Amino acid sequence: MFPPPPSTGTPPRRARGAAALVALGALFASSLTLSAAPAAVAAESLLSQGKTATASSSEGEAYSAAAAFDGNLTGTRWASQWHDAEWIQVDLGASRNLSRVVLTWEGAFGKNYQIQVSDDGTNWRTAKSVTGSDGGTDEIAISGSGRYVRMNGLVRSGGYGYSLWEFQVYGTTSVEPPAPGGAVRVAGSQGNWQLTVGGQPYTVKGLTWGPSFADAPKYMPDVKSMGVNTIRTWGTDASSKPLLDTAAANGVRVINGFWLQPGGGPGSGGCVNYVTDAAYKSSMLTEFAKWVDTYKSHPATLMWNVGNESVLGLQNCYSGTELEAQRNAYTTFVNDVAKKIHTIDPDHPVTSTDAWTGAWPYYKRNAPDLDLYSMNSYGNICKVKQDWVDGGYNKPYIITETGPAGEWEVPNDANGIPDQKTDVQTAEGYTTAWNCVTGHQGVALGATMFHYGIEHDFGGIWFNLLPDGLKRLSYYAVKKAYTGSTAGDNTPPVVSNMVVDQASNAPAGGEFTVRANISDPQNDPLTYKVFVSGNYASGDKRLVEAQWRSTGNGTFAVTAPEKLGVWKVYIQAEDGHGNLGIETKSVKVVAPPVSGTNIALNKPATASSSQASYGDCPCPAGNATDGNTTTRWASDWSDPQWISVDLGASKAIRTLQLVWDPAYAKSYEVQLSDDGTNWRTVHSTTTGNGDIDTVNVSANARHVRLNLTARGTGWGYSLHEFGVYS
-19 MFPPPPSTGT PPRRARGAAA LVALGALFAS SLTLSAAPAA VAAESLLSQG
31 KTATASSSEG EAYSAAAAFD GNLTGTRWAS QWHDAEWIQV DLGASRNLSR
81 VVLTWEGAFG KNYQIQVSDD GTNWRTAKSV TGSDGGTDEI AISGSGRYVR
131 MNGLVRSGGY GYSLWEFQVY GTTSVEPPAP GGAVRVAGSQ GNWQLTVGGQ
181 PYTVKGLTWG PSFADAPKYM PDVKSMGVNT IRTWGTDASS KPLLDTAAAN
231 GVRVINGFWL QPGGGPGSGG CVNYVTDAAY KSSMLTEFAK WVDTYKSHPA
281 TLMWNVGNES VLGLQNCYSG TELEAQRNAY TTFVNDVAKK IHTIDPDHPV
331 TSTDAWTGAW PYYKRNAPDL DLYSMNSYGN ICKVKQDWVD GGYNKPYIIT
381 ETGPAGEWEV PNDANGIPDQ KTDVQTAEGY TTAWNCVTGH QGVALGATMF
431 HYGIEHDFGG IWFNLLPDGL KRLSYYAVKK AYTGSTAGDN TPPVVSNMVV
481 DQASNAPAGG EFTVRANISD PQNDPLTYKV FVSGNYASGD KRLVEAQWRS
531 TGNGTFAVTA PEKLGVWKVY IQAEDGHGNL GIETKSVKVV APPVSGTNIA
581 LNKPATASSS QASYGDCPCP AGNATDGNTT TRWASDWSDP QWISVDLGAS
631 KAIRTLQLVW DPAYAKSYEV QLSDDGTNWR TVHSTTTGNG DIDTVNVSAN
681 ARHVRLNLTA RGTGWGYSLH EFGVYS
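Numbering of the sequence shown is given in our numbering, commencing with residue -19 and proceeding in unit increments.
Structure (structure tokens):
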């Protein structure tokens, strides 16, 4: 089918009878040329007439929803109640390939409305948005497939409701064939392999699965609408059944994963000894066999995937010759699992995933019973083909995770943290990855790209296609890779050229400025949000909405967090159609400047106690007066404690700035002395909250002491800086 031009938010091609067509013929000539595709029109048919119809309301029995689908263009009509938010929908009886809808309005027409499509009658996607309709007959080109089609009214033309003489849906009567049944095979010969299902060729066009298995009915129709035919999981057990059932109902197949320690590559836990731990291996073999037997006949099952990135991950447990022994033992065990699976289920292939093509020699040597290899690869995805050629391998592979370059693969920015790709670059990463996979014909049998996830956090913005359930540019990049087109889709806002003023010295608690170019392909009105993440400053991966204000033209004044360190700041734009654009940069939060001179800088400091060895310690008292916010004084884990600085002579004191580590004081006193023995209290608090405290003092003294009486945490007290300003 020739795809229609993308929606621009303008009224669709429409006419009001022969006279109007003559008058408007010249105006719409180009539109007619673009919208009309003779081959597609010849093949299409009217799908909606006489089908079951429902509506949000009607003015009475004579104006029911069915009247808009009875083929009578002038005698019967549907009419809604007199509200803006009204809808009418038709059930086509099965999923159909759609080409256009024709709305023949009565005098009470919809000025602004959406044409929406659904696979289940519950979850809707907008095929076209119409603004500024002037009634008459609206002919609207759409694409894609669905069982239900709806006119969702937004704004009426007048004081009446919505009224349609006829609502016609056109398309092809053939439905998309379901995923073929039967045995799954790796067919062909060296360099000319293909995956087959029931004897039919099958290219894996997949995504890794993020939502809970129980939520599969909510999300699977959307996955299917993206052209996805496969999803991948990392674990298989009793909770997998709802996912498998829903996948099968939507014609989607599943790569069922089995987790082995130390899965997940660098940083993952679980150091099993594959040379000696026979009990662990026996337990896993029994467990995996149980679920293979349970799901081997499930129509959604595509293949079994044993382990995830463990050959690489074993380096976190072992080194040297022992590491080599463990890697050989692990891949030998994977082969034992593959043989066991084959005895239970000879009709589905077995693979194993790693994150490093250097793992493949171990599989080649020790796991000959694998049917194919699997690889997770992001920034290096386009090098996998050459590594396979250079390694002289005799099995095909699939890519089980890929997408934009990961945090571990990009250079650091000026603040010393990974420089995250832009939203546009992230989308391009998926396109590039798919092109490199399909470029290894006869060997790479497809991919499950990472990640159909909904988390709206640090990792979610790096990789998820729909954080917080909102679709981003990368969602549509994957859809285009798998279907060939996103024509007719309302696509996300584009955020680009983001800049952070004071990126290396934003004052804690003060304002800094972020700006970006923000546009929307459909000129939808946008709403904005600004978030910060403390992943690098505190380990908190959440995105928390910042205190911010818009200053116009894509510029925002943002209040910096109080905690020092490098933060991520995010500009998010939403279009009201379920899409978002987002971009992020780093900002280094520093102690706010204090007027005057730090008269405690490099002066001798003493304390009631100091930690000699814990984490980054020794942490003597002098670390709090060295002017370096990366060092700290740390006390014992008890109350009370104190730290004091000798200014060398009596001096005028105006301000104290205390830069706390997370181990802060909830209650403390600021004390002054002329002789270091007799102390007077000039400030006290019982509500300290850490981060940075600024204390105003107007006095003269030689010695300044913090008398610390109640800790804010279970640790001791810890100060990065104890500044005294004249």
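Beta carbons are placed, not taken as given, at the ideal position from N, Cα and C, and that holds for glycine.
Since the structure is predicted, the reported quantities are computational estimates derived from the model, not experimental observations.
Measure how close the beta-carbons of residue i and residue j come, nearest whole angstrom, since I'm counting them as under 8 angstroms.
i: Thr539; j: Trp547; result: Thr539 to Trp547, Cβ: 12 angstroms. No contact.
i: Pro197; j: Ile434; result: No, Pro197 and Ile434 are not in contact; Cβ-Cβ is about 15 angstroms, not under 8 angstroms.
i: Thr331; j: Leu350; result: 6 angstroms
i: Gln621; j: Gly703; result: Contact doesn't hold; Cβ gap of about 19 angstroms is too wide.
i: Gln170; j: Asn485; result: In fact, because the Cβ distance is near 59 angstroms, the residues do not count as touching under 8 angstroms.
i: Ser589; j: Asp616; result: 4 angstroms
i: Gly707; j: Ala107; result: It is not possible to answer for residue 707, since the shown part of the chain is limited to -19 through 706.
i: Glu381; j: Pro398; result: No, Glu381 and Pro398 are not in contact; Cβ-Cβ is about 18 angstroms, not under 8 angstroms.
i: Ala690; j: Asp619; result: 6 angstroms
i: Glu86; j: Leu144; result: 7 angstroms
i: Ala461; j: Thr411; result: 6 angstroms
i: Ile68; j: Ile95; result: With a Cβ gap of about 11 angstroms, Ile68 and Ile95 do not count as contacting.
i: Thr311; j: Asn346; result: 4 angstroms
i: Pro572; j: Gly489; result: 6 angstroms
i: Trp580; j: Val625; result: Strictly speaking, residue 580 in this sequence is Ala, with Trp absent from that position. That belief holds up - the Cβ atoms of Ala580 and Val625 are roughly 5 angstroms apart, short of 8 angstroms.
i: Ala645; j: Leu688; result: 5 angstroms
i: Ser530; j: Tyr550; result: Not really, about 15 angstroms apart at Cβ, beyond 8 angstroms.
Considering only C-alpha positions, which residue in the set the options is nearest to residue i?
i: Ala74; options: Ile235, Gly439, Gly151 and Thr312; result: Gly151
i: Glu542; options: Lys568, Lys521, Glu563 and Ser530; result: Lys568
i: Gly162; options: Leu282, Thr213 and Leu224; result: Leu282
i: Asn288; options: Gly215, Ser219, Cys297 and Pro326; result: Gly215
i: Ala517; options: Ser566, Leu175, Gly439 and Leu506; result: Ser566
i: Trp284; options: Lys460, Leu352 and Trp145; result: Leu352
i: Leu275; options: Ala604, Val177 and Ala228; result: As written in the sequence, residue 275 is Tyr, which differs from the Leu given in the question. Nearest C-alpha to Tyr275: Ala228.
i: Pro505; options: Ala488, Asp555 and Thr471; result: Asp555
i: Ser630; options: Thr667, Val662, Asn680 and Asn608; result: Asn680
i: Ser123; options: Ser98, Pro472 and Gly115; result: Ser98
i: Trp749; options: Val675, Gly464, Trp173 and Asp403; result: With the chain running from -19 to 706 in the structure shown, residue 749 is simply not present.
i: Glu304; options: Tyr254, Trp271, Ser664 and Ser262; result: Tyr254
i: Ala457; options: Gln400, His431 and Phe438; result: His431
i: Thr117; options: Gly419, Thr84 and Gln94; result: Thr84
i: Thr323; options: Lys270, Gly359 and Thr635; result: Lys270
i: Asn470; options: Ser28, Leu78, Gly30 and Val110; result: Val110
i: Ile562; options: Asp671, Asn395, Thr693 and Tyr455; result: Tyr455
i: Glu66; options: Ala88, Tyr142, Phe89 and Gly372; result: Tyr142
i: Cys362; options: Val177, Gly178, Ile379 and Met131; result: Ile379
i: Asn308; options: His278, Pro348 and Asp327; result: Pro348
i: Leu523; options: Ser465, Thr266 and Asp448; result: Asp448
i: Gly101; options: Gly126, Gly90 and Leu78; result: Gly126
i: Tyr594; options: Lys583, Ala614, Asn92 and Phe536; result: Ala614
i: Gly231; options: Leu544, Gly244 and Pro279; result: Pro279
i: Leu292; options: Ala259, Val272, Val82 and Tyr343; result: Tyr343
i: Asn533; options: Leu544, Ala553, Glu525 and Asn515; result: Ala553
DSSP beta-bridge partners for residue i?
i: Met200; result: DSSP, once it has assigned bridges, lists no residue as partnering Met200.
i: Glu563; result: Ile551
i: Pro181; result: Thr176
i: Ile211; result: Leu187 and Val234
i: Arg522; result: Asp437
i: Arg165; result: Thr176
i: Ala121; result: Arg80
i: Glu146; result: Thr84
i: Ser698; result: Ala614
i: Phe536; result: Val494 and Ser530
Within 8 angstroms (strictly less), CB to CB, does residue i reach chain B?
i: Val458; result: You won't find chain B in this structure, because it holds only one protein chain.
Worksheet entry | Sequence ranges, beta strand (DSSP E) only - wholly within the stretch 12 to 83, length at least 3 | Those beta strand (DSSP E) runs which fall completely within the stretch 12 to 83 and span 3+ residues are 32 to 35.
Item to complete: Output the residue ranges of the beta strand (DSSP E) runs that lie fully inside the stretch 631 to 694 and measure 3 residues or longer, sorted by chain position.
Response: Runs found: 645 to 653, 660 to 665 and 672 to 691.
Discussion item. Closer than 8 angstroms is the cut-off here; do at least three beta carbon pairs connect the stretch 684 to 695 with the stretch 651 to 658?
Written reply: Enough Cβ pairs lie closer than 8 angstroms, so yes.
Worksheet item: Counting Cβ pairs, one atom from each stretch, are 3 or more of them under 8 angstroms apart for the stretch 495 to 509 and the stretch 472 to 479?
Response: The stretch 495 to 509 makes contact with the stretch 472 to 479; the number of CB pairs closer than 8 angstroms reaches 3 or more.
Worksheet item: Quick check: the stretch 207 to 227 against the stretch 412 to 419, are there 3 or more CB pairs under 8 angstroms?
Response: At 8 angstroms Cβ cutoff, the stretches do not touch.
Worksheet item: Okay, do the stretch 310 to 320 and the stretch 391 to 404 touch, 3+ Cβ pairs below 8 angstroms being the bar?
Response: With a cut-off of 8 angstroms on Cβ pairs, the stretch 310 to 320 is not in contact with the stretch 391 to 404, counting fewer than three such pairs.
Practice prompt. Go through the stretch 290 to 377 residue by residue and report every complete run of the beta strand (DSSP E) that reaches 3 residues or more, in order.
Written response: For the stretch 290 to 377, whole beta strand (DSSP E) runs of length 3 or above, ordered along the chain, are 330 to 334 and 353 to 356.
Fill in: the stretch 21 to 36 contacting the stretch 44 to 57, beta-carbon criterion three pairs below 8 angstroms
Counting Cβ pairs under 8 angstroms, three or more are found: they touch.
Worksheet entry | Whole runs of the beta strand (DSSP E) within the stretch 577 to 613, excluding any shorter than 3 residues | With a minimum length of 3 residues, the continuous beta strand (DSSP E) runs that stay inside the stretch 577 to 613 are 585 to 587.
Discussion item. Can you confirm whether the stretch 130 to 149 touches the stretch 287 to 301 when touching is taken to mean that 3 or more C-beta pairs between the two stretches lie within less than 8 angstroms?
Written reply: Three or more beta-carbon pairs separated by less than 8 angstroms are not found between the stretch 287 to 301 and the stretch 130 to 149, which leaves the two stretches without contact.
Item to complete: Just list the alpha helix (DSSP H) runs in the stretch 473 to 534, keeping only unbroken ones of 4 residues or longer that don't cross its boundaries, in chain order.
Response: Complete alpha helix (DSSP H) runs here, min 4: 515 to 518.
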